[in-house]
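Everything in the sequence shown is counted per full-length UniProt numbering, starting at 1 for the first residue and increasing by one.
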Amino acid sequence: MSNEQKAKDRSVLYVSAGIALIFVAFSIILPSQMSKTSNGVLSFLTTNFGWLYLLSVFIFVIALSRYGKIKLGKDDEKPEFTTFQWFTMLFGGGMGIGMVFWSIAEPMSHYMAPPVAQPGTPQAMHDAMRIVFNDFGIHVWIIYAVCGLALGYFQYRKGLPCLISSAFYPILGDRIRGPIGKTIDIIAVFATMFGVATSLGLGAGQIATGIQYIWGIKATPGMTAVIIAIMTAIFTLATVSGLHKAMQAVADVKVWLSIGFMVFIFLFGGMVFILNTFTHTLGDYIQNFIGQSMWMGNIEWTKAWPIFYRAWYIAWAGFVGQFIARVSRGRTIREFILASVFLPSGFCFLWLAIYGGAAFNLDALSNGAIQAAVKANISTALFVTLQQLPLYVITAPLALILIVTSFAGAATSATYVLSMLTSGGDLNPSKKLSGFWGIAQGAVTIMIILVGGTAAIKTLQTASIAAAFPFMLIMLVMCYSIFKALKEEKV
């Protein structure tokens, strides 16, 4: 690549960083106006195009291919990571703080305010668990897999740069290196950076709330900023060290700690109740899969939950897809679909059934303690649940570590992908660039927290989700692009 081409590659970095800086500046200087504008844009999109969010994700679900033997790489290429390493990084890159934060809070929220059933009834509980399966199951992972499949195929089998724009080569040809391709990459960078920043702010807020609940240390904006700085240092150092070192270590700690909590809660949270809940919910989820994928019977509720979730996952799809493509080089399409969709979905179902089932069981035994916690402060739901179980003095601090590693797993992959996207698709971006993006995400979040508090973080979250709308359209075209290319393969 010539020096001129390398200079052009920097345009994504400069434009993305510039847009981010302008957005942050306006968020700090004019917080109320930014909040009003972001909420207005999101309301317009969900009201007028909520149906498209649901329909698009359903299209992604049915877009599985018959070209299962084709490799994401050359025909004789071997996988870079062992199967276990691969799985931990797939799961760690795709599911961060949300699983820990919402696995108890969301089913309880739906139980108390269901979209259809009477609140507080057995039917409301069953519906709540099915809804949570729908929000964290196949629909999530198929969004990531569609993006990852297209990126992995064009990058590792066709030799194109590791950029989101490369997935559009069958349609755009060499124009992917021009303004259209750069625009696609800039949208992906914007959605990724602010998606991670909002998750960092929300995750740090949950940690601060947990510290206050456990030890009585008040959760101030200053404390939250310190927590953000510590988390930023962790995931930035992990990213700079590379895929085979700390990134893998973070993923391993997260998975093993997650499994440990699942086993502990299953054993002491009511095994029979949890098993009954899992069996009933899985059957209900499978039976109603198509209907619930596009259900809009309660518009306001649908906008607040399923549409919000679909938009949030699409906002993350660019970096998660790029990351899972990177760690899946050498795998066949069939292996990739099974490992990136069905295995993580199954893990999520088990997780949600254990946490949600135990929460409902323990809530009944404690005369509504967990419902009360969700009503008072949704961030305390996990800690109140653990308080009903043995060894709380040990499990509560471990829960804080789980939250940190859950976020760090996603943040390391995001920082790595941001570095790739802004270095012209370099598979091994410089440590300097990786460090810049890691520090930038933490610094942006700290500034916004100190100036505007949690309300400013919610504004960022709203803006990030609104940015998912153009990326959703990009992904629909991406589906066509990958099928167009696969038709030319000899299978």
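Cβ coordinates follow ideal geometry from the N, Cα and C atoms, glycine included.
C-alpha gap between residue i and residue j, whole angstroms
{"i": "residue 261", "j": "residue 197", "result": "27 Å"}
{"i": "residue 487", "j": "residue 437", "result": "38 Å"}
{"i": "residue 252", "j": "residue 177", "result": "37 Å"}
{"i": "residue 450", "j": "residue 403", "result": "22 Å"}
{"i": "residue 279", "j": "residue 349", "result": "10 Å"}
{"i": "residue 469", "j": "residue 152", "result": "23 Å"}
{"i": "residue 68", "j": "residue 321", "result": "18 Å"}
{"i": "residue 180", "j": "residue 424", "result": "15 Å"}
{"i": "residue 28", "j": "residue 273", "result": "48 Å"}
{"i": "residue 477", "j": "residue 171", "result": "9 Å"}
{"i": "residue 169", "j": "residue 481", "result": "8 Å"}
{"i": "residue 372", "j": "residue 34", "result": "33 Å"}
{"i": "residue 410", "j": "residue 212", "result": "25 Å"}
{"i": "residue 216", "j": "residue 49", "result": "44 Å"}
{"i": "residue 447", "j": "residue 47", "result": "32 Å"}
{"i": "residue 173", "j": "residue 283", "result": "45 Å"}
{"i": "residue 2", "j": "residue 250", "result": "Note that residue 2 scores 40 on pLDDT, short of 50, meaning its location in the model is unreliable; the coordinates nonetheless yield the value given after this. Distance between the alpha carbons of residue 2 and residue 250 is about 37 Å."}
{"i": "residue 291", "j": "residue 117", "result": "17 Å"}
{"i": "residue 4", "j": "residue 431", "result": "Caution applies to residue 4, whose pLDDT of 39 falls short of 50 and renders its modelled position unreliable; the value that the coordinates give is listed next. Those two C-alpha atoms are separated by around 22 Å."}
{"i": "residue 452", "j": "residue 444", "result": "12 Å"}
{"i": "residue 24", "j": "residue 175", "result": "31 Å"}
{"i": "residue 363", "j": "residue 351", "result": "18 Å"}
{"i": "residue 124", "j": "residue 485", "result": "46 Å"}
{"i": "residue 167", "j": "residue 419", "result": "18 Å"}
Within 8 Å, strictly: CB atoms of residue i and residue j
{"i": "residue 200", "j": "residue 230", "result": "no"}
{"i": "residue 356", "j": "residue 189", "result": "no"}
{"i": "residue 382", "j": "residue 104", "result": "yes"}
{"i": "residue 187", "j": "residue 60", "result": "no"}
{"i": "residue 257", "j": "residue 90", "result": "no"}
{"i": "residue 205", "j": "residue 232", "result": "no"}
{"i": "residue 343", "j": "residue 84", "result": "no"}
{"i": "residue 427", "j": "residue 162", "result": "yes"}
{"i": "residue 336", "j": "residue 149", "result": "yes"}
{"i": "residue 413", "j": "residue 72", "result": "no"}
{"i": "residue 236", "j": "residue 439", "result": "yes"}
{"i": "residue 115", "j": "residue 312", "result": "no"}
{"i": "residue 191", "j": "residue 265", "result": "no"}
{"i": "residue 53", "j": "residue 307", "result": "yes"}
{"i": "residue 141", "j": "residue 345", "result": "yes"}
Anticipated Cβ contact below 8 Å, residue i with residue j, distance rounded
{"i": "residue 330", "j": "residue 80", "result": "6 Å"}
{"i": "residue 389", "j": "residue 395", "result": "7 Å"}
{"i": "residue 353", "j": "residue 281", "result": "6 Å"}
{"i": "residue 164", "j": "residue 185", "result": "5 Å"}
{"i": "residue 475", "j": "residue 146", "result": "6 Å"}
{"i": "residue 361", "j": "residue 270", "result": "4 Å"}
{"i": "residue 138", "j": "residue 341", "result": "6 Å"}
{"i": "residue 12", "j": "residue 422", "result": "5 Å"}
{"i": "residue 44", "j": "residue 293", "result": "About 23 Å; that fails the 8 Å criterion."}
{"i": "residue 97", "j": "residue 407", "result": "5 Å"}
{"i": "residue 316", "j": "residue 195", "result": "5 Å"}
{"i": "residue 465", "j": "residue 30", "result": "Their Cβ separation, rounded to whole angstroms, is 20 Å, which puts residue 465 and residue 30 out of contact at 8 Å."}
{"i": "residue 325", "j": "residue 155", "result": "7 Å"}
{"i": "residue 239", "j": "residue 415", "result": "4 Å"}
Exposed unless 16 or more other CB atoms sit within 10 angstroms - verdict on residue i
{"i": "residue 220", "result": "exposed"}
{"i": "residue 285", "result": "buried"}
{"i": "residue 159", "result": "exposed"}
{"i": "residue 193", "result": "buried"}
{"i": "residue 108", "result": "buried"}
{"i": "residue 296", "result": "exposed"}
{"i": "residue 40", "result": "exposed"}
{"i": "residue 106", "result": "buried"}
{"i": "residue 32", "result": "exposed"}
{"i": "residue 157", "result": "buried"}
{"i": "residue 7", "result": "Confidence at residue 7 is low in this model, with a pLDDT of 41, below 50, so the placement of that residue is unreliable and no value is reported for it."}
{"i": "residue 16", "result": "buried"}
{"i": "residue 75", "result": "exposed"}
{"i": "residue 21", "result": "exposed"}
{"i": "residue 121", "result": "exposed"}
{"i": "residue 263", "result": "exposed"}
{"i": "residue 119", "result": "exposed"}
{"i": "residue 405", "result": "buried"}
{"i": "residue 318", "result": "buried"}
Chain B within 8 Å of residue i, Cβ atoms only
{"i": "residue 81", "result": "In the structure shown, chain B does not exist; there is a single protein chain."}
Review point. Taking the runs of the alpha helix (DSSP H) that are 4 residues or longer, which of them lie wholly in the stretch 82-159?
Key: 83-94, 97-112, 122-136 and 138-152
Q. Fully enclosed by the stretch 195-268, which alpha helix (DSSP H) runs are 4 residues long or longer?
A. 221-241 and 248-268
**Item:** Complete alpha helix (DSSP H) runs within the stretch 393-423 (minimum length 4 residues, chain order)
**Value:** none
Report the residue ranges of all beta strand (DSSP E) runs contained in full by the stretch 311-343; include only those spanning at least 3 residues, in chain order.
none
| query | Can you give, in chain order, each stretch of the alpha helix (DSSP H) that sits fully within the stretch 41-75 and has at least 4 residues? | reply | none
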